[in-house]
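Protein chains in written order, with the numbering used here: chain A, 5 to 366; chain B, 797 to 901; chain C, -8 to 158.
Glycine included, each C-beta is placed from N, C-alpha and C at the ideal position.
Note that the structure is a prediction, hence the values are computed from the model and not measured.
If you want it as structure tokens, here you go:
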């Protein structure tokens, strides 16, 4: 049985930011990540972030990822890769599968920062090779240096769909169109504009009807939908594509939390079932904290701030950080967060998060 | 399909070139990269055929979670080729259904 | 309701006219000036932080749209590669013979060569016609965002926002 002061489940931006903040105050931290490389989705983000200087605006995701890792290393944070936390049991005991062996770990504080997984929309032919998730397109192009295909249809116009469409252009693919069943583009206008100016058409109120091909995608049929998202027959259009990329939303990966028994709430505009948590990022189970997309789909910048708050509050509750200093630093982070959860895109998320905090009390 | 030089990321760091076979065909890839990437660079998109309907499947999530990309590697079925690193001399085969039966030693 | 940015993916004439980041024609004719095509209240302010002439204002609430003080803008080009949304351009309508230049951020390979003829595109990617590349700059400070200047007929100065190589 290995004993730790703090375990971060997930070495993405939230998990690393929390580990750094806690380690800075002297907490002994172990970070477990199931992948063979750390950083979560950060290393696939090759665009410059928005926000202000404190939010690391202008920096590209992968640069931020490198810095977080370096900082964690310097602070003596142990990052254990290929390590799957199989379950969180009573009194914060965990079973961790590290490659082929199982280790029993007990932590005083656990931060669950497992991020989110991609949604999918099934349609005829969707199992054909050539239909991939947006994350897959990023992984292939930005991590492995290979184009997913030559001519791509992007399904979904949220920020993921828009950003990945642009990244596909940068990788040398042609993007036949960005479609969305909704009447309006879901992501930021500037992300769409970067793609539109290179001639990529945006077809709102359209969805995929079918993917065609013998043993791989060789074409797709898209179809218009009405305001109830019902297909309008006779509006089929043929698209000459060899790759169909699904960017249809993210779903928080909350299995460990649901298993642990903390209170979960269904909040559609945060992506689904999410854990209730307070301003310290602590759930209804004392000692279990959450940060990043697992507690609601937002952005890397908010994941980092939530991670920092969780790290600070873990440090304080373990006695490594004085109450006053903790409150001051937490307030700084909360202020910074408010900036990001404002404006017509951020407001709704801010309100949803307030709701999660409120649920804790009742 | 391989990106020669990326406008943001530059050139991709790869290890040495290694030889492997896919369904008996000799192929080349970079040591340590996912088998699926080496296959895709040769235009191979079908990794397996499903048991009941014989449907072609290939890479979907590319991070080792969905298992659509599994193949028989060095005689072992159900290998997630999107995360399994390529090694010199690997024998990669299209998996049909559940793959080869386990033989007792 | 006219189709705008959130339906087509590109700004409509109306949206551009109403934007606080667009300089007047008379200012554009005096020399190079920033054109900030940012119309959504995303929390973001690197443009304001980067402008040494104090010509760009976002303010304390970083969801405010950036507004341009065209008299203060000296056309130094700093903001063009800085904007994470690649929404800032620099336009110069002071050239003789009915020509103008547009400087834009560019994150693709291959980079064009100075003097190369390319095809200018409007915001929707529609072909406008031939343009000459007059400058290509990429410094470390720009962090992989190159800035390319193309020379075009003056009539396209507020339409040309991208280009395609002919090769």
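Provide the residue span of the alpha helix (DSSP H) that contains residue i, from first to last.
i                     : result
residue 175 (chain A) : That residue, residue 175 (chain A), is in no alpha helix (DSSP H); it is neither H nor E in DSSP.
residue 289 (chain A) : Segment: none, residue 289 (chain A) is in no alpha helix (DSSP H) and carries neither H nor E.
residue 264 (chain A) : 259 to 264
residue 73 (chain A)  : 65 to 78
residue 364 (chain A) : 347 to 365
residue 242 (chain A) : Looking at the DSSP string, residue 242 (chain A) is not in any alpha helix (DSSP H); the run it does join, the beta strand (DSSP E), is 241 to 243.
residue 198 (chain A) : 193 to 200
residue 97 (chain A)  : That residue, residue 97 (chain A), is in no alpha helix (DSSP H); its beta strand (DSSP E) goes 97 to 102.
residue 4 (chain A)   : The requested residue 4 (chain A) does not occur in the structure, where chain A is confined to residues 5 to 366.
residue 878 (chain B) : No alpha helix (DSSP H) contains residue 878 (chain B), which DSSP labels as neither H nor E.
residue 835 (chain B) : 831 to 837
residue 20 (chain C)  : 16 to 21
residue 41 (chain C)  : 37 to 41
First and last residue of the beta strand (DSSP E) that includes residue i?
i                     : result
residue 815 (chain B) : 813 to 818
residue 343 (chain A) : Careful: residue 343 (chain A) lies outside any beta strand (DSSP E), inside the alpha helix (DSSP H) at 327 to 344.
residue 96 (chain C)  : 90 to 97
residue 121 (chain A) : 120 to 122
residue -1 (chain C)  : Counting along the chain, residue -1 (chain C) falls outside any beta strand (DSSP E), though it belongs to the alpha helix (DSSP H) covering -4 to -1.
residue 8 (chain A)   : 6 to 13
residue 137 (chain A) : 135 to 137
To which residues of the same chain is residue i closer than 7 Å at the C-beta, ignoring the five residues directly before and after it?
i                     : result
residue 894 (chain B) : 847, 873
residue 204 (chain A) : 169, 179, 181, 182
residue 870 (chain B) : 886, 887
residue -8 (chain C)  : Because residue -8 (chain C) carries a pLDDT of 40, less than 50, the predicted location of this residue cannot be relied on, and no value is offered for it.
residue 113 (chain C) : 119, 150, 151, 152
residue 347 (chain A) : none
residue 66 (chain A)  : 46, 47, 49, 50
residue 171 (chain A) : 50, 142, 145, 146
residue 810 (chain B) : 826, 829
Judging by CA-CA distance, which residue of the options is the nearest neighbour of residue i?
i                     : options                    : result
residue 244 (chain A) : A:284, A:179, A:341        : A:179
residue 266 (chain A) : A:115, A:182, A:184        : A:115
residue 103 (chain C) : C:140, C:86, C:77, C:60    : C:140
residue 156 (chain C) : C:148, C:120, C:144        : C:120
residue 353 (chain A) : A:275, A:139, A:248, A:127 : A:275
residue 88 (chain A)  : A:38, A:60, A:120          : A:38
residue 133 (chain C) : C:73, C:127, C:87, C:111   : C:73
residue 29 (chain A)  : A:16, A:59, A:321          : A:321
residue 318 (chain A) : A:333, A:253, A:344        : A:333
residue 285 (chain A) : A:189, A:364, A:227        : A:364
residue 25 (chain A)  : A:362, A:341, A:330, A:339 : A:330
residue 220 (chain A) : B:862, B:804, B:840, B:875 : B:840
residue 892 (chain B) : B:898, B:843, B:863        : B:843
residue 305 (chain A) : A:11, A:288, A:20          : A:20
residue 370 (chain A) : A:31, A:35, A:90           : Nothing can be reported for residue 370 (chain A): it is not among the residues displayed for chain A, which extend from 5 to 366.
Closer than 9 Å by beta-carbon distance: list the chain C residues that pair up with residue i, in chain order.
i                     : result
residue 801 (chain B) : 100, 101
residue 370 (chain A) : It is not possible to answer for residue 370 (chain A), since the shown part of chain A is limited to 5 through 366.
residue 29 (chain A)  : What residue 29 (chain A) touches in chain C: nothing, since even the nearest Cβ is about 29 Å away.
Run through chain C and tell me which residues come within less than 7 Å of residue i, C-beta to C-beta.
i                     : result
residue 193 (chain A) : -4, -3, 30, 31
residue 350 (chain A) : 34
Flag residue i as yes when its Cβ comes closer than 8 Å to any non-hydrogen atom of the ligand ADP, and as no otherwise.
i                     : result
residue 205 (chain A) : This structure simply doesn't include the ligand ADP, nor any ligand for that matter.
In its own chain, which residues sit with a C-beta less than 6 Å from the C-beta of residue i, not counting the 5 before and 5 after it?
i                     : result
residue 859 (chain B) : none
residue 27 (chain A)  : 33, 79, 81
residue 1 (chain C)   : 114, 115
residue 307 (chain A) : 17, 18, 296
residue 341 (chain A) : 309
residue 62 (chain A)  : 52
residue 189 (chain A) : 161, 196
Which residues in chain C sit within 8 Å of residue i, going by Cβ to Cβ distance?
i                     : result
residue 202 (chain A) : 112, 116, 153, 155
residue 125 (chain A) : The contacting residues do not exist; residue 125 (chain A) stays about 21 Å from chain C at best.
Who are the neighbours of residue i on chain A, taking C-beta pairs under 8 Å?
i                     : result
residue 829 (chain B) : 148
Under 8 Å between beta-carbons, which chain B residues line up against residue i? List them in chain order, please.
i                     : result
residue 174 (chain A) : 802, 803, 804
Give the residues of chain B in contact with residue i, contact being defined as C-beta atoms less than 7 Å apart.
i                     : result
residue 159 (chain A) : Ordered by position in chain B, no residue passes the 7 Å Cβ test against residue 159 (chain A), which lies about 14 Å from the chain.
Under 9 Å between beta-carbons, which chain B residues line up against residue i? List them in chain order, please.
i                     : result
residue 135 (chain C) : 803, 804, 805, 806
residue 211 (chain A) : Under the 9 Å cutoff, chain B gives no residues; its nearest Cβ is about 19 Å from residue 211 (chain A).
Mind listing the chain A neighbours of residue i? Cutoff is C-beta to C-beta under 7 Å, in chain order.
i                     : result
residue 797 (chain B) : 150, 151
Using a Cβ-Cβ cut-off of 8 Å (strictly less than) and excluding sequence neighbours within five positions of residue i, which residues of its own chain qualify?
i                     : result
residue 273 (chain A) : 352, 353, 356
Quick check: the region 807 to 819 of chain B against the region 305 to 321 of chain A, are at least 3 beta-carbon pairs closer than 8 Å? no
Counting pairs of Cβ atoms below 8 Å between the region 40 to 58 of chain A and the region 125 to 137 of chain A, do you hit three or more? no
Would the region 65 to 79 of chain C count as touching the region 16 to 28 of chain C if we require 3 or more Cβ pairs under 8 Å? yes
If we count Cβ pairs, one from each stretch, closer than 8 Å, do we get three or more for the region 241 to 256 of chain A versus the region 64 to 78 of chain A? no
Please confirm if the region 86 to 104 of chain C is in contact with the region 38 to 54 of chain C, defined as three or more CB-CB distances below 8 Å between the two stretches. Counting C-beta pairs with one atom in each stretch, the region 86 to 104 of chain C and the region 38 to 54 of chain C have fewer than three that are closer than 8 Å, which means they do not touch.
Three or more beta-carbon pairs under 8 Å between the region 9 to 19 of chain C and the region 46 to 62 of chain C, yes or no? yes
Does the pairing of the region 195 to 212 of chain A with the region 104 to 111 of chain C give three or more beta-carbon distances under 8 Å? no
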